[in-house]
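> This is the structure, below, for whatever I ask next.
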Amino acid sequence: MHQSHAHQASRLQLNSQGDLKHFLSTEGLSREILTAILDRADSFLDGNGGIRNEPLLAGRTVMNLFFEPSTRTRTTFEVAAKRLSADVLNIDISKSSTSKGETLRDMLWNLEAMTADIFVVRHGASGAAHFVASQVTPRIAIINAGDGRHAHPTQAMLDMLTIRRHAGDFAGLTVAIIGDIRHSRVARSEIHALQTLGAKEIRVIGPRTLLPRDFEELGVSVFEDLGAGLKDVDVAIALRVQNERMESALLPGSSEFYSMYGLTRERLKVAKPNVLVMHPGPINRGVEIESELADGPQSLILKQVNYGIAVRMAVLAMAMDGQDADRAAEVAR
Ligand code: CP
């Protein structure tokens with residue numbers, strides 16, 4: 005990773021003590037911070053498939069600003085905030101005054117005046133969460149819930165939690181990410197997190213048209229052949245084919261994609277015997293993944309969703325702590 009880029013990526017996210025105050029990207033964050041997120045998330049899991057309630061954000065207001073559709077992320081942020089006893093508002097962007105010409109900046113300032121403490125932002129434009137963080141009062145924490153092709157850091161961290169809980173230490177693991185890498189904010193955030201957490205090998209597998217040129221520079225192994233890429237992997241993560249982000253036809257069709265890159269039980273026979281199967285969702289059955297595999301014993305797809313609540317609780321609580329510590333330090337000066 006380019007050092008100054010990583011430095012810039014971390015600078016805005018950390019407070020004066022080096023703790024998280026916004027969560028915009030996994031890029032540039034230290035292993036200590038990523039591990040602290042995983043440990044904090046683990047502490048919210050009760051060991052019986054349940055998630056503990058902890059009133060750490062009582063009296064705080066979390067506003068979900070989703071400019072793009074979402075099922076898993078928006079809902080699990082809402083559940084996470086409620087488990088922390090925060091008040092949660094889901095702003096209906098389609099009914100907001102942005103449709104009457106109000107700018108995003110004005111909308112944010114008005115929501116700030118309604119005593120927001122945390123904005124959770126999903127937007128189709130890469131960099132939108134950084135823009136929001138640069139526009140609002142410093143005391144408000146910004147959590148990136150997915151911006152364009154750039155980053156989806158809470159998805160990456162819930163995937164890291166899933167891997168750590170089910171496969172163990174990252175140092176021994178070969179992880180393959182398969183499919184539409186080029187348009188995937190999830191792949192970018194996962195690669196930064198896996199590298200920082202010390203994964204043994206990271207592979208990306210897909211057709212040339214869906215593999216970005218800069219990925220080899222990131223230190224990942226690139227495969228166009230699915231069988232070669234899956235050999236001896238510990239974890240296989242299938243990605244959704246993002247037709248909505250393709251400017252031109254980069255794929256011949258979904259059945260051709262499935263015939264070459266669809267993840268199936270048969271194709272996984274070259275992987276390690278206990279290979280874990282993951283997908284961030286939403287899944288397209290029979291396009292990226294075989295239905296029986298998605299619903300089978302190796303699949304952790306619904307566990308990922310469940311762990312997403314704990315990871316989002318961790319990030320909300322840590323970012324609010326980071327903001328509070330910054331404010332306390334300012335008052336003490
Ligand atoms: N994985 C994910 O971001 O899903 P949603 O689009 O449903 O939030």
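Residue numbering for the sequence shown follows the numbering used here, starting at 5 and increasing by one per position. Beta carbons are placed, not taken as given, at the ideal position from N, Cα and C, and that holds for glycine. Predicted model only: the values in this text are computed from it and were never measured.
Quick one: Cα of valine 315 to Cα of valine 66, how far?
Approximately 16 Å, taken between the alpha carbons.
> So phenylalanine 347 and valine 291 are in contact, right, with Cβ under 8 Å, and what is the actual spacing, rounded?
Within the shown structure, residues of the chain are numbered from 5 to 337, placing residue 347 beyond reach of any answer.
> Contact between the segment 263-282 and the segment 231-240 is defined here as three or more beta-carbon pairs at a separation below 8 Å; is this criterion met?
Touching, yes, given that three or more Cβ pairs across the two stretches are closer than 8 Å.
> Could you give the residue range of the alpha helix (DSSP H) that holds phenylalanine 174?
Looking at the DSSP string, phenylalanine 174 is not in any alpha helix (DSSP H), and its letter there is neither H nor E.
> Could you tell me whether the segment 187-200 touches the segment 19-37, where touching means 3 or more Cβ pairs closer than 8 Å?
yes
> When the Cα of glutamate 221 is compared with those of Asp229, Arg244, Ile195, which residue comes out closest?
Ile195
> Please name the residue, chosen from Gly176, Ser20, Pro216, Glu82, that lies closest to leucine 69 on a Cα-to-Cα basis.
Glu82
> Confirm, please, whether the CB-CB distance from arginine 186 to leucine 215 is below 9 Å.
Going by C-beta atoms, leucine 215 is nearer than 9 Å to arginine 186.
> Where do the ends of the alpha helix (DSSP H) carrying asparagine 148 lie?
Unbroken run through asparagine 148 is the beta strand (DSSP E), 145-151; no alpha helix (DSSP H).
> Around the C-beta of proline 1, are 16 or more other C-beta atoms found within 10 angstroms, so that it is buried, or is it exposed?
Because the chain in this structure spans residues 5 to 337, residue 1 falls outside the shown range and cannot be described.
> Would you mind sorting asparagine 148 into buried or exposed? The rule is 16 or more other CB atoms within 10 Å of its CB.
buried
> With valine 226 and glycine 183 assumed to form a contact (beta carbons below 8 Å), what rounded beta-carbon distance in angstroms separates them?
Wrong, their Cβ atoms sit about 13 Å apart, outside the cutoff.
> Would you call the CB atoms of leucine 16 and histidine 134 closer than 9 Å?
It is a contact, given that the beta carbons lie within the stated cut-off.
> Check isoleucine 55 in the structure and name its three-state DSSP category.
strand
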